[in-house]
Amino acid sequence: NNKGFYITGQANTYITRNSISHNTFGIFYEGDTDHTVYYNDIYSNQHGMDADETFTATVNAEYNYWGHETGPHHISLNPTGEGNPVGGNGINIDFISFLTAPIGYINTRPTARLLTDKTLVPPNQIVTFIATNSSDDRRVDKYLFDFGDGSNSDWTTLSIFVHKYSSLGTYNATVTAMDDFSVTSDNVAIVAISVQNLTSLDVSITPSAYTVGHIQQVPITIHVTNGTNPVENAHITLFSVHTYKLGYTSNMHTSFVPSSGFTNSTGYFVTMLSPPNVTQITNIRITATASKNGYADGSDHEYLAVLPPLLVQVTADPSLIESEAISQVTAHVTYNGQPVANALVTISSDSNGNFSAETGITDSNGNITVVFTAPQTFTQLNVTTTATATKTGYADGEDQVKITVNPGTLNVQITANPATVESKASSTLTVHVTYNANPVADAEVTVWSDGGGDFSATSQVTDSNGNAAFTFTAPQTTTQLNVNIKATATKSGYIDGESQREMIVTPEAAPGDGSVGGLPLTTILLIVVPIIVVAIVAVMIKLKIIYLAPE
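Per the numbering used here, the very first residue in the sequence shown carries number -4; after that it's consecutive.
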């Protein structure tokens, strides 16, 4: 539909308990009258609600669910809302407060909790009441502080409220919490305040830093005086509060070590704060209260901004390599599921080896890639590579990946020229040593054979081309031999390589072995047979056994 509800004319309207979805406009208003829209589910519309601004219609659109727990999107009033967009000028459509769940949600009551910065005060001194730690299964929207002296705060969205007591006495202050479904707490959250004519302690609290990462330890210094001189043995207690937000987990806890104690002779007390683990920038309020017999309580507070950590995922491709081989190391930096560009990434390892770059800046996809060259190793080596990402406005993030480096094995090849030699003849052997197809210089090559023969040297060192040359003299033999030539290459940082090849050794021709005057028998026969034939023919002609007729 173009419009789920189209309201025009002079009538005032009240719309409640509807499911309004899959429209261009869920509800659209024209006219100059006032309207109320409560407890509806408004979702999956291009625009949840809008009004024609040429008219003066006003809409009370509180307590509706807009398709997401963060509420409707409004460019100025709720820019982080992920629900259906709401139009209007910020005045004519009032959508705050909104529901965080559909109206069919089974709601539970909120639980009220009350803290104060002081429980013993003189008349007319400010007491701070803190209900920020009140909780709900969805969200606490409002608070009602009753100060026990006949006055209260009325319903307020403020979780921290201050009050002064003008008369001496003891007062029981309470707070009631209301959630986003307008359901109120029914538990008792009470604090007793005693008002006496006493001098208050002066307290100052000083953190070592005001912007911290979630894993950073923060020294906190508290100083107590009576207005002029330091106060020794004043009892110090500390607590912190932060605003509860949907999606936060239960580890949102700030701790102090120690959380209480006594000031020293100069009035100082020091504690160590561990911030909560947060997923977005979070302001925490830390409060220190000092008390001592004969004095009214004193207190001070400060706010710390806790930064969320960057999420770093580091990978290695491949993660199993050989000595001196390379691996592509990629760090992917995100925050809240979105890539983070322009983060500074530092990459290091706990072993030797080199990176093409040790620092770099992430691209628009939150990535940075460097090349890791493994070190030489004699045994399997596990290299832990660490990537640390930093960027202003975030706490550092870190991740690690393990790269397994196996020792490299030398590759050995043997060539022979010629590969077939006669007995006692020579052949040139070349041994070529490589690793990952690259020549290896200064490798020691040792050669031997299983069939005898002599080498010009039994070991040589490879040159810059990875070659070592030898002269092999074949053994004496009267029959053909198959001789295996073997070569082993060794070098520090590599596993030995070995290879072999076969050579054929033929016997040499010996005198008296089917030869005359050193000539082979076949050669002698080729010479003698024609001579004998000519002689026989000549004798037969002379004896007139053969007659040659004239032409």
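We put the beta carbon where it would ideally sit given N, CA and C, even for glycine.
Note that the coordinates shown come from a computational prediction; the quantities given were computed from them, not determined experimentally.
- Message: Can you look up residue 527 in the DSSP assignment and give me helix, strand or coil?
- Response: Residue 527 sits at position 532 when you count from the first residue of the sequence shown. The answer is helix: DSSP assigns residue 527 an H, G or I state.
- Message: Can you find the residues in the same chain that come closer than 7 Å, C-beta to C-beta, to residue 220, ignoring five residues on each side of it along the sequence?
- Response: Counting from one through the sequence shown, the residue named residue 220 turns up at place 225. Taken in chain order, the residues that qualify are 197, 226 and 262.
- Taking just the CA atoms, how far does residue 315 sit from residue 473? The sequence position of residue 473 within the sequence shown is 478, counting from 1. The sequence position of residue 315 within the sequence shown is 320, counting from 1. Cα to Cα, residue 473 sits roughly 53 Å from residue 315.
- Message: Tell me the DSSP secondary structure of residue 306 in three-state form.
- Response: The residue you call residue 306 lines up with position 311 of the sequence shown. Correct three-state label for residue 306: strand.
- Task: Buried or exposed for residue 453, please, with buried defined as at least 16 other CB atoms from any protein chain shown within 10 angstroms of its CB.
- Result: Taking the first residue of the sequence shown as 1, we reach residue 453 at position 458. Per the 10 Å Cβ criterion, exposed.
- Message: What residue range does the beta strand (DSSP E) around residue 397 cover?
- Response: In the sequence shown, counting from the first residue as 1, residue 397 sits at position 402. That run of the beta strand (DSSP E) goes 392 to 401.
- DSSP state of residue 533 mapped onto helix, strand, coil: For the purposes of this step, residue 533 is taken as residue 538 along the sequence shown, with counting starting at 1. Correct three-state label for residue 533: helix.
- Item | Of the residues 423, 406, 329 and 407, the one placed nearest residue 414, counting alpha carbons only | By 1-based counting over the sequence shown, the position of residue 414 is 419. For the residues 423, 406, 329 and 407, the minimum Cα distance to residue 414 belongs to 423.
- Item | Beta-carbon gap between residue 41 and residue 75 smaller than 7 Å | Within the sequence shown, the letter at position 46 stands for residue 41. Within the sequence shown, the letter at position 80 stands for residue 75. Contact: no.
- Query: Helix or strand or just coil, what does DSSP make of residue 276?
  - Reply: For the purposes of this step, residue 276 is taken as residue 281 along the sequence shown, with counting starting at 1. DSSP places residue 276 in coil when its eight states are reduced to three.
- Item | Whole-number beta carbon distance between residue 179 and residue 168, since they are thought to touch under 8 Å | Translated into the one-based positions of the sequence shown, residue 168 becomes position 173. Translated into the one-based positions of the sequence shown, residue 179 becomes position 184. Actually they are not in contact, since the Cβ atoms of residue 168 and residue 179 sit about 17 Å apart, beyond 8 Å.
- Query: Which class does residue 522 belong to by DSSP, given the choice of helix, strand or coil?
  - Reply: As a first step, residue 522 must be located in the sequence shown, where it is residue number 527. The answer is helix: DSSP assigns residue 522 an H, G or I state.
- Query: What is the C-beta distance between residue 46 and residue 82, in whole angstroms, given that I count them as a contact (C-beta under 8 Å)?
  - Reply: If you number the sequence shown from 1, residue 46 lands on position 51. If you number the sequence shown from 1, residue 82 lands on position 87. Contact holds; Cβ gap of about 7 Å.
- Item | Helix, strand or coil at residue 99 [DSSP, three-state] | Here residue 99 is taken as the residue at index 104 of the sequence shown, counted from 1. Correct three-state label for residue 99: coil.
- Task: Would you mind reading off the limits of the beta strand (DSSP E) that contains residue 80?
- Result: Position 85 of the sequence shown, counted from the start, is the residue given in the question as residue 80. Run containing residue 80: 78 to 80, per the beta strand (DSSP E) assignment.
- Item | Beta-carbon contacts of residue 245 that lie in its chain and below 6 Å, excluding the five residues immediately before and after | Position 250 of the sequence shown holds residue 245. The predicted model places residue 245 with a pLDDT of 40, which falls under 50 and marks its position as unreliable; any figure quoted below should be read in that light. Correct list: empty, nothing qualifies.
- Task: Taking residue 252 as part of the beta strand (DSSP E), name the residues at either end of that continuous run.
- Result: Reading the sequence shown from its first residue, position 257 is the one you call residue 252. Note, residue 252: beta strand (DSSP E), 250 to 252.
- Let me know if residue 522 comes out buried or exposed under the rule of 16 or more other beta-carbons within 10 Å of its beta-carbon. As a working mapping, residue 522 is identified with position 527 in the sequence shown. It is exposed - the Cβ of residue 522 has fewer than 16 other Cβ atoms within 10 Å.
- Starting from residue 427, follow the beta strand (DSSP E) in both directions and report where the run begins and ends. Here residue 427 refers to the residue found at position 432 when the sequence shown is read from its first residue. Run containing residue 427: 421 to 430, per the beta strand (DSSP E) assignment.
- Assess, as a yes-or-no matter, whether the segment 106 to 125 is touched by the segment 188 to 196 under the definition of 3 or more beta carbon pairs within less than 8 Å. yes
- Query: Buried or exposed: residue 498, going by 16 or more other Cβ atoms within 10 Å of its Cβ?
  - Reply: The count along the sequence shown starts at 1 and reaches residue 498 at position 503. So residue 498 counts as buried.
- Nearest-angstrom Cα separation, counted from residue 361 out to residue 388: By 1-based counting over the sequence shown, the position of residue 388 is 393. By 1-based counting over the sequence shown, the position of residue 361 is 366. For residue 388 and residue 361, the distance between alpha carbons rounds to 16 Å.
- Query: So which of 154, 146 and 327 has the shortest CA-CA distance to residue 237?
  - Reply: Counted from its first residue, the sequence shown places residue 237 at position 242. Out of 154, 146 and 327, 154 has the C-alpha closest to the C-alpha of residue 237.
- Can you name, in chain order, every residue of its own chain whose Cβ lies under 6 Å from the Cβ of residue 384, other than the five neighbours on each side? On the sequence shown, residue 384 is found 389 positions in, with the first residue counted as 1. Hits under 6 Å: 305, 307, 328, 338, 340 and 392.
- Task: With DSSP as the reference, label residue 195 as helix, strand or coil.
- Result: Here residue 195 corresponds to residue number 200 of the sequence shown, with the count starting at 1. Strand at residue 195.
- Query: Can the beta-carbon of residue 484 be found less than 7 Å from the beta-carbon of residue 438?
  - Reply: To locate residue 484, count along the sequence shown from 1; it is residue 489. To locate residue 438, count along the sequence shown from 1; it is residue 443. Judged by their CB atoms, residue 484 and residue 438 are nearer to each other than the 7 Å cut-off.
- Task: Compare the Cα-Cα distances from residue 344 to each of 309, 417 and 336 and report the closest residue.
- Result: Taking the first residue of the sequence shown as position 1, residue 344 is located at position 349. For the residues 309, 417 and 336, the minimum Cα distance to residue 344 belongs to 309.
- Segments assigned beta strand (DSSP E), at least 3 residues, entirely inside the segment 325 to 407: As far as the segment 325 to 407 is concerned, its whole beta strand (DSSP E) runs of at least 3 residues are 339 to 344, 354 to 356, 362 to 368, 376 to 385 and 392 to 401.
- Message: Going by C-alpha to C-alpha distance, which of 233, 291, 201 and 248 sits closest to residue 222?
- Response: The residue given as residue 222 occupies position 227 in the sequence shown. Among 233, 291, 201 and 248, the Cα nearest to that of residue 222 belongs to 291.
- Can you grab the Cα-Cα spacing for the pair residue 79 / residue 71, in whole Å? For the purposes of this step, residue 79 is taken as residue 84 along the sequence shown, with counting starting at 1. For the purposes of this step, residue 71 is taken as residue 76 along the sequence shown, with counting starting at 1. Cα-Cα distance, rounded: 15 Å.
- Query: Three-state secondary structure (DSSP) at residue -2?
  - Reply: Residue mapping note: residue -2 aligns to position 3 of the sequence shown, counting from 1. It is a strand residue.
- Query: Tell me, which residues are paired with residue 456 by DSSP?
  - Reply: Residue numbering aside, residue 456 sits at position 461 when the sequence shown is read from its first letter. DSSP lists 439 as the bridge partner or partners of residue 456.
- Residue from 251, 120 and 535 whose Cα sits closest to the Cα of residue 202: Locating residue 202 in the sequence shown gives position 207, where the first residue counts as 1. The option with the nearest alpha carbon to residue 202 is 251.
- Item | Residues bridged to residue 494 (per DSSP) | By one-based count along the sequence shown, residue 494 stands at place 499. Paired residue(s): 482.
- Task: Look at residue 199 and residue 232 and say whether their C-beta atoms are less than 7 Å apart.
- Result: Indexing the sequence shown from 1 puts residue 199 at position 204. Indexing the sequence shown from 1 puts residue 232 at position 237. When the beta-carbon positions are compared, residue 199 and residue 232 stay at least 7 Å from each other.
- Query: So, is residue 61 buried or exposed, given that buried needs 16 or more other C-beta atoms within 10 angstroms?
  - Reply: Translated into positions along the sequence shown, residue 61 becomes position 66. Residue 61 comes out buried.
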